[in-house]
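Enquirer: Quick one: this structure, given as structure tokens, is what I'll be asking you about.
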Amino acid sequence: QVQLVESGGGLVQPGGSLTLSCAAPGSIFRVNMGWYRQAPGKEREVVATITSNGRTNYADSVKGRFTISRDNAKNTVYLQMNSLKPEDTAVYFCNLVNEAIRYKWGQGTQVTVSS
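Residue numbers (this note's numbering): 193 to 307.
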């Protein structure tokens, strides 16, 4: 089954930066996309979303630190993460915002913020 492929995670010190990428198997031109994360023992939560025309929205916990963007020509969504905190540690996923047409969740990419 086709899936989104997330990449770019890793181990970073507090205050550091990472850029995540999400490659979609098909066109994302007309769909709203989102980044989500799941920390150990917690539910998956939405981090940021971007509409088909580029309007963005962020969880309060990441406002001012994370930036979501998209490249429709490459069917790719990005998440630039700055000023990372230990509480940002989680597996990060991307997917469509509309649950009715979402892809099966991929493996995600692990982000660990630790000194």
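Yeah, the Cβ is synthetic: ideal placement off N, Cα and C, and Gly gets one too. Computed from a predicted model, the values in this text were never measured in an experiment.
Would you kindly check if the distance between the Cβ of A215 and the Cβ of E237 is under 8 Å?
Expert: Here residue 237 refers to the residue found at position 45 when the sequence shown is read from its first residue. Here residue 215 refers to the residue found at position 23 when the sequence shown is read from its first residue. For E237 and A215, no; Cβs fall outside 8 Å.
Enquirer: Measuring straight from C-alpha to C-alpha, what distance separates N264 and Y270?
Expert: For the purposes of this step, residue 264 is taken as the residue at position 72 of the sequence shown. For the purposes of this step, residue 270 is taken as the residue at position 78 of the sequence shown. Within the model, the alpha-carbon separation for N264 versus Y270 is close to 11 Å.
Enquirer: Starting from D263 and walking both ways along the beta strand (DSSP E), at which residues does that stretch end?
Expert: Start at 1 with the first residue of the sequence shown, and residue 263 comes out as number 71. Its beta strand (DSSP E) spans residues 258 to 263.
Enquirer: Following the continuous beta strand (DSSP E) through N245, name the residue where it begins and the one where it ends.
Expert: Taking the first residue of the sequence shown as 1, we reach residue 245 at position 53. No beta strand (DSSP E) contains N245, which DSSP labels as neither H nor E.
Enquirer: Tell me the rounded alpha-carbon separation between T241 and Q205.
Expert: For the purposes of this step, residue 241 is taken as residue 49 along the sequence shown, with counting starting at 1. For the purposes of this step, residue 205 is taken as residue 13 along the sequence shown, with counting starting at 1. Each residue's alpha carbon lies about 25 Å from the other.
Enquirer: By the three-class DSSP mapping on this structure, what secondary structure does A215 have?
Expert: As a position in the sequence shown, residue 215 is number 23, starting the count at 1. DSSP places A215 in strand when its eight states are reduced to three.
Enquirer: List the endpoints of the continuous beta strand (DSSP E) containing L203.
Expert: Looking up residue 203 in the sequence shown gives position 11. 202 to 204 is the extent of the beta strand (DSSP E) around L203.
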